[in-house]
Structures are given as structure tokens and as C-alpha cells.
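Notes for the one structure printed next.
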Amino acid sequence: MVKVIVDGIPVDVPNGSSVLQACEKAGKEIPRFCYHEKLSVAGNCRMCMVEVVGSRKPLVSSCTQPVMNGIEIRTDSEMVRAARRSTIELLLINHPLDCPICDQGGECDLQDQTLGYGRDCSRFRDKKRAVTDKYLGPLVRTVMTRCIQCTRCVRFMNEIAGTAELGGIYRGTNLEITPYLEQAIYSELSGNLIDVCPVGALTAKPTAFRFRSWELKNTDSIDVVDALGTNITLQVRGSEVLRILPRRNDDVNEFWLSDKGRFSLDGLKRRRLDRPWIRQNGKLVESNWDDALQFVVDKLKSSKKERIGAIAGNLCDVESMFALKNLINKLGSDNLDCRQDSAYYDTSYRGHYVFNSTLNGIDEADALLIIGSFPRQESPVLNARIRKRWLSLTEQFPIAFIGEFLDNLTYKVDNLGDDPTLIHDLLQNKLLFNETLNNAKKPMIILGHGALIRNDAKIIFEKTLALAQKIGAISDDWNGFNILHHAASRVGGLDIEFYPKNKSLDTISMLEKGNIDLLWLLDADEIDLTQLSADCFVIYQGHHGDRSAERADIILPGATYTEKSGTYVNTEGRIQRSFRAVFPPGDAKEDWQIISLIAQSMNIELPYTNIYELRGCLAKTYPVFKSMGVDKNKMCSSIKNSEKNIKKQPLRSIISDYFLTNSISRASLTMQECSKARHANLTTKAAE
Amino acid sequence: MSENKMNIQPTDFTFDKESEKQIALVLAKYPKARKASAVIPLLYIVQDQMKRLTKSAWIPKIAMSVIAKRLEIAPIRVFEIATFYTMFNLEPIGQYHLQVCGTTPCWLRGSDDIVAACKKATGIKEYGETSKDGLFTLSEVECLGACANAPILQVDRDYYEDMDGQKTIELIEALKRGEKLTPGSAINRKSSEPVSQKQSLPENLRTK
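Now the structure itself:
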């Protein structure tokens, strides 16, 4: 530790800290443009100047200056203030005065810091430079004349996103930020460029000129487009979610959010189901709640209990699944499934179906084996975390990959191929990578759904778990066995046992012809309903007129994740809660309420009347929900290695189009455009 | 790179035998993991190859992609470097690149006359233009590091020192005829020694 005095306040900071970090620890605000906590230090904006007392060169840029023992720093001397004034003045030389029409206005670092540290008027009388705008795809709008060349975007693309597409060309006053090719940025994290840009050079294209930052009301929420549980802030004006921003959580997503999570928001308003619909004479007809409830109640009453089934989708919150499970159970059926893809999980221990290492654990791992997963598409932010670890070990983080290798994973992997029987070879110490795994102190294995949705998933799972035990990935202080989920609702669904037990029907058998008379779909759109017999009565409870609503006999309009307060369990098993930002449109209701209403109409008593009682009941039934956050999970100590062999059938990726994986993103015009742009990207890439 | 000239970009680029030979020599100088360091030499090799093959020393954008692939770096990194250095031409230029130093010592010693002579002899009106016959491109460059022999006119990679207007015209006329004058001092001085009499390290002092 090093002792530093900042404006008379003594602070202790670790060796090698920068002066800026010391100043922050002392509670002093240091203005900055180019410095970003999660990016490398550039030191090119010169805004964070502080005075080091007694130094021969007293003015230093605090982000690049390492601390020395006993130095005294002044952050608010006349010298510092003059330096900041000059820096701002120089930055403003070529910055246009278009704040009134700039989307960044109101949340612009340059605007704020000019107000705080700049001069009161401009002395500049010359011509300003202008820069042509660049095309970065359908998500990021550019006004490059506003750019102050902090290079945060360049560093973000290089370091975090891992697709080095942006760079600074020319030099001096002519320096421009530009992509190499004039086409959409090939990254799933490009929306974060908008966040890191301190000025209005990079802004959101889909929502350009739609709102001012001070008009928005913030609500904390959880992203549901993948299973990472990215912490987000929903920004609302009136009854409309206008922007989704990542909320900092160093344990989960750090500062980042995937493009799908950020820009699907126009899908929240399109193709919405805002009133009940009932199928009459083969056609869906608008209806009202009274009729719809009566209709459902009659159907439920007249159906045989063992021929009732329910499937929960990928976007459901735990509360609505719990309520549905209670209702179906009380009706006397246990035909429940939250696995639309019919994936195999060993639910005997919680540690067998979650990401045990946790995201923070990735920062400690020293070897990684990925089986049947393509994390860049299944969870871009998690992928960035793997890349971060890979970069921090100066590329000495050995990663092997078994599965369908779609494209650049943004880190170097040893691509072993898509043959799952390689697991046999690994178990028998036959591969070169075995040595790496055996030598590693904290090895990690990520098992994805490319493997778990196969027919022989059970064998793959058991073999992989055996492999994890063999290489010492599971010990008292380290658990390197991980399942990477893609559905936001999945771990929660498994936690509340929303799956069939004993001889009850699972997704596949429920969808087979003639097995079931009444099928309740809770937001379930990723299933194939064509095999269902024509006289099977389908209740679709959900928010979008997507795939399943077409087959439904009755539609009960539900709420999206922005319109209800819900609990979500991410792939780590981390329990997080979101809050309601807006009300559901039209007659739509929160999902657990719909279920509760139906229960009431049938005189079935559910032991809760509001969401708090529901959560209390949930925590009582499943103690894991007693507190938020993530805990260590139990693992089986002696797993039996399966006798059977894995089939020699190649592993396939579970995602065909990253941008269109759920009903919200499919309804989003922005996502459709992204999908097209990505397709064009890949075509030119293939041509090369 | 101006937008209207983008359409002159060729659609493909491959190194020829001569270039491959040079690349092998260059890459041998760097450790394998650090071969990205060879980006500047490779850019020169591209420029030389273009001169050999098309009589115009410039670097097409597709060539940057080829370099990036060879050095296993992102193409944008090559693009950044190629645009940073003024020595790399990103658009086709004339067969001879006339580069006049306009920095203070050269300017004091009469670089304006050289510029005027270049313009007169080639018909070029402004810096950056290429003459109508496609033989010459005139550029102003910063200090060439040969101030003692100012003013300097650099033609491609050769320095013509101690120039004046008349000699510049003679040089350009010779180039038009396809002759190449010997580079170096135009007044036959030895390296950077004084034109008249040695002022420092005279022989008599040295022998003492």
C-alpha cells in the first residue's frame, strides 16, 4: 500500500494505482473523457490533470501517472483549474455548437464538464473542421464532427468486443475515427459504443431524436433476452419504454449489455396482444376478460386432469411459472415443462444445472473447455468476460472448443472439432489438451445446450461431469463445472421444479398427437405445434402475437418483462428481481394475476392474493428464493460414469440467428434490420 | 482518401515474386509473435510493387487487407498506419513523385523557387496534383532531415540537394526524357561539408 495525500486527505491505495484512482478514493471528482474504468488507459484527452506538489513538472494527467509514496496531490488549485479550462477550450475548438439538436444533450460529458470546468464564452474565431459521418450499421448513429478523439470506442472494440473494426486514421487535427469497411459493425456488443462515447458522436440510431435524457424515469430491471441476467435500467416516458441501458454490476455484466437486450425495445410495442381473443368457427375473435375466463374455466373443468399440460417459455418470470405450477398441480396434473427445447438436466443437485464458477470465477480460471456452446451468440457479455480473462493472461489462457464453430469467438481457441465423442478421448487422456487441463489449478468446463438438447444428452452430461471431477475442476474452493443457459427462465423453472415427475408428460410427449386435450402455453413460442392434434385446446398466455398465438384457441394477454415485477434466476443461479416500469397495454394483465383469476373463478384456492404473499410462499416452498444473489451450490460427490457411449453425431449450435431468438426480438424492426445487416456481413466475408 | 477516387481501387492484390522475396527478408527480422512490427516495411513493399507494375507508387485498400492477413492483425490497424504516414500514397500518383521540402531552412534557401520551377516544368498548378502526362505528382513535405544541403527536392526516394530553379527544370526535363540524374548535391559538395571553406575541424588543427 502507498500513502498519498489528496487535497490534505491522506489515503492508502494499492501499489501501482494511478493518481486518478487515489483521488477517487479520497472522494475527489476528477473530470475525464478518455479514461474508462474497464478500458486500457490512453491518456490523450488531458482533462484529468492534477497538480503534484513539489514536482518539477507539477501538472500530470492523473490517469497515466502511477502513485508514489507520500506524494501530495492537489485537485483544485489555480494551476489545475487553469489547465482544465485550457483543455476544454482546446477540445471545443472543433466541437460543433449543436447541443440543441444532439441526442447526447443533457447526458454529455463534454457539456457537463464545460459547464463545470470550462470558460464562460468562446474565444475561437476561426473555421471549425468537419468530418464525414461513418456508417456503423443499424444501431449506432454517427455524427463524427462531434468526436473529440478520446478513442474510447476504438479501445472498446479492441479490448472488450474483440472485433477490432474501428480505428483512428490520419493524424493530428485530421484524426478521424472510422471503421475499416463501410458496413455494419460485426459485434453483439456494439450498442455499448453509445455508452462509452462521452459526446454525441455515437448515439442510438433506432431512437434518434425521440427523447431527451431528462424526460426519462428510471426503473431497475433484468434483461431476459439471454440467461445472463444482465442488470438493466428501463428508461420510461409516459407509458413507453424509450431506452434500455445497462446497470453496472461488476459481478454480472460489468458495464455492458448485449445489442439484443438494448435494442429489442421497439418489439415491446409491436404485435402486442392487448385483449383476450377466442377462436370461434376457426377464427380468432376479439373478446373480453369475463368471457375469456369463463371459457377457460369451462374447458379446464371439462378436461380430464391427466390430459392437461403446461409449457413455460424462455422469458417467464419465476412468479408466473410458480403460480401456473400451483394451479396445474391443484387441477391434478403434473404435466409441466419449462424446457421448450427438451434439454436434459440432472436436477438432483442444483450445482448440476447452473454456471457454478460464477462470472467472477472466470477471472480466476486458468484453462477452459467449451462443449456444445457458442457463447458469443448465446451470451455475448459472458463471452466478453472470457475474452477479458484471455487478454489479462496475455493470451496464456488455454481454451479448447468442441462444437459447431460459427465464427470468430474473439479469443483464440483450440478448435477440436464438432465431434462429441472427443469427450471420450479427453476422459482417456488421449488429447494434447488433457495435459493443459491436468496442469490447471482452476480449470473450467462450459457445457452448452448444443449438447444438452441431443438424445444422448444424459450420457454427454455424465461424461462431462466425470471429466470435471477427473481433472480436479470440482473441489472445496473451486467449482469449474458449468452449464451455460440461453433461456432467461430456465434456471428459475428448474429451481421451482417446473418439469414433469414420474410418468408425467414432458414437452415432446405433450406435443405429440393425441397425448393431451388441453395445453397451456405460458409465453412458449419456440416449440413446434404442428404435431398437436386438431382437437387439442390451446391456451396461449403471452404478450406477443408470435408463433404459438396462431394455433391458440384462446389468447390471454400477458405482460412483458418491462410490465411486471419479477424474479429471474440467471445461468449462475443468481436470483435477481426486476421492477415494473410501465403498465401492460390495453386489457393485458400481469401473468401471475391471470392465473390467480382463473384459480379464483374455479374456486381453487391459491395461498396468495398479492405478489408479496406469492413470493413468501415461493420462498417457503423453495428455500433457495429466500435471499437474492448467488450461493455455492451442492454437487454430487460420486457421479457414476455412464456405461453407454456418446453418439458420433456432430454438435450443432442452438442459435440460427442471434438477433431473432424470442418473441420480442422477432417483433422488433430494429432486430430484423440487424439480422439483415449481419447476413450481408457474412456474405461479403464469405466472398473474401 | 477522397470519396470520388474510391472507384479507382482495384478489386484484388497479390504480392509478386520480387515482393515475396523482400517480405521473407523483412519477416526474418522479427520474432514470430511480433510479426505485426513488419507492417511498415510491408507497406513500402506494396508501394514499390505498385510502382514496378503500374508505374504509380501507391497502396490500394485491398492491399492493406492482404498485409493484415499476412501479419494476422486487424485490417484497420494497417489502415491506421498507412494513413498516419505521409510517405504512403493512398491514391495513384504520377510516375515520379516530386517532394519539395517547405520547412524553414529549405524555405530560407529558396524552396519557393523550386516549387515554382516544378510547376512551370510540369504544368501542375497546386500541391497534390498530377501532371497531365501522368509523369509527375508534386507534394510539399516536412523536413527531410538534410537542412545543411537545403533546399531539397526529393524524387521518389532520391534526394537532390542544393537545388535551385534552373537545376530543377533541368532535372524534370531529364526525367521526361527518361534519363535519371545522379542524386546528391547539385553543386558537387562532399556530403554536408561547407560550400566554401571548412569552418570546423580544419586539417591543420587535426594534425596538431
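Residue numbers (numbering that gives the first Met the number 0), protein chains in the order written: chain A, 0 to 687; chain B, 0 to 207.
Ideal Cβ placement from N, Cα and C applies to all residues, glycine included.
Model, not experiment: these values are computed from the prediction.
query: Closer than 9 Å to chain B by CB, L165 (chain A); result: yes
query: DSSP three-state assignment for T10 (chain B), whether helix, strand or coil; result: coil
query: Strand pairing of N230 (chain A), partner residues [DSSP]; result: A:I221
query: Beta carbon proximity, T82 (chain B) to chain A, threshold 9 Å; result: yes
query: Cβ-heavy atom distance, L436 (chain A) to the ligand MG, below 8 Å; result: The ligand MG is not part of this structure, which contains no ligands at all.
query: Y116 (chain A) - DSSP class collapsed to helix/strand/coil; result: helix
query: Within chain A, partners of E79 (chain B) - CB distance below 7 Å; result: G166, G167 and I168
query: Cα-Cα separation, I8 (chain A) to A25 (chain A); result: 7 Å
query: Distance between beta carbons of P150 (chain B) and G109 (chain B), contact taken as under 8 Å; result: 6 Å
query: Candidates A:N313, A:S356, A:S636 and A:I307: closest to S332 (chain A) by CA position; result: A:I307
query: Given 8 Å, three or more beta-carbon pairs between the stretch 339–346 of chain A and the stretch 553–572 of chain A; result: no
query: A23 (chain B), enclosing alpha helix (DSSP H) - first and last residue; result: K16 to L26
query: Backbone CA spacing between E377 (chain A) and K259 (chain A) [nearest angstrom]; result: 11 Å
query: For C673 (chain A), the three-state DSSP class (helix, strand or coil); result: helix
query: Segment limits, alpha helix (DSSP H) that includes T357 (chain A); result: T357 to I361
query: Terminal residues of the alpha helix (DSSP H) in which K300 (chain A) lies; result: W288 to S301
query: Per-residue burial, A679 (chain A) [other beta carbons within 10 Å of its own, 16 or more giving buried]; result: exposed
query: Backbone CA spacing between Q234 (chain A) and W213 (chain A) [nearest angstrom]; result: 10 Å
query: Straight-line gap, R274 (chain A) to F536 (chain A) (C-alpha atoms, nearest Å); result: 19 Å
query: Start-to-end residues for the alpha helix (DSSP H) that takes in H448 (chain A); result: H448 to L451
query: Which listed residue (B:K68, B:G144 and B:P9) has its alpha carbon closest to that of C100 (chain B); result: B:G144
query: Same chain, Cβ closer than 7 Å to C152 (chain A), five either side skipped, listed in chain order; result: L165, I176, L192, V195, C196 and L201
query: Bridge partner(s) assigned by DSSP for V689 (chain A); result: The question about residue 689 (chain A) has no answer here: the residues shown for chain A are numbered 0 through 687.
query: M5 (chain B) versus K126 (chain A) - alpha carbon distance; result: Residue placement at M5 (chain B) is flagged as unreliable, the pLDDT there being 48, under the threshold of 50; the coordinate-derived value follows with that caveat. Taking the straight line joining both Cα atoms gives about 27 Å.
query: Alpha-carbon to alpha-carbon, V224 (chain A) and G541 (chain A); result: 16 Å
query: Cβ of P622 (chain A) within 9 Å of any chain B Cβ; result: no
query: Contact with chain A by P59 (chain B), beta-carbon distance below 9 Å; result: no
query: Within-9 Å CB hit, Y134 (chain A) to chain B; result: no
query: Range of the contiguous alpha helix (DSSP H) that encloses L425 (chain A); result: L421 to L426
query: Which residues DSSP lists as bridging I593 (chain A), in chain order; result: Looking at the DSSP assignment, I593 (chain A) forms no beta bridge with any residue, so it has no partner.
query: Classification of L517 (chain A) by the beta-carbon crowding that lies within 10 angstroms, buried from 16 upward; result: buried
query: Bridge partners - L272 (chain A), DSSP secondary structure assignment; result: Bridge partners of L272 (chain A): none, in fact.
query: 9 Å Cβ cutoff, I168 (chain B) in contact with chain A; result: no
query: Contact between the stretch 621–638 of chain A and the stretch 480–495 of chain A (3+ Cβ pairs under 8 Å); result: yes
query: Close Cβ partners of A116 (chain B) (< 7 Å) along its chain, the five nearest in sequence each way excluded; result: G164, T167 and I168
query: Contact list for Y179 (chain A) against chain B, beta-carbon separation under 7 Å; result: P74, I75 and F78
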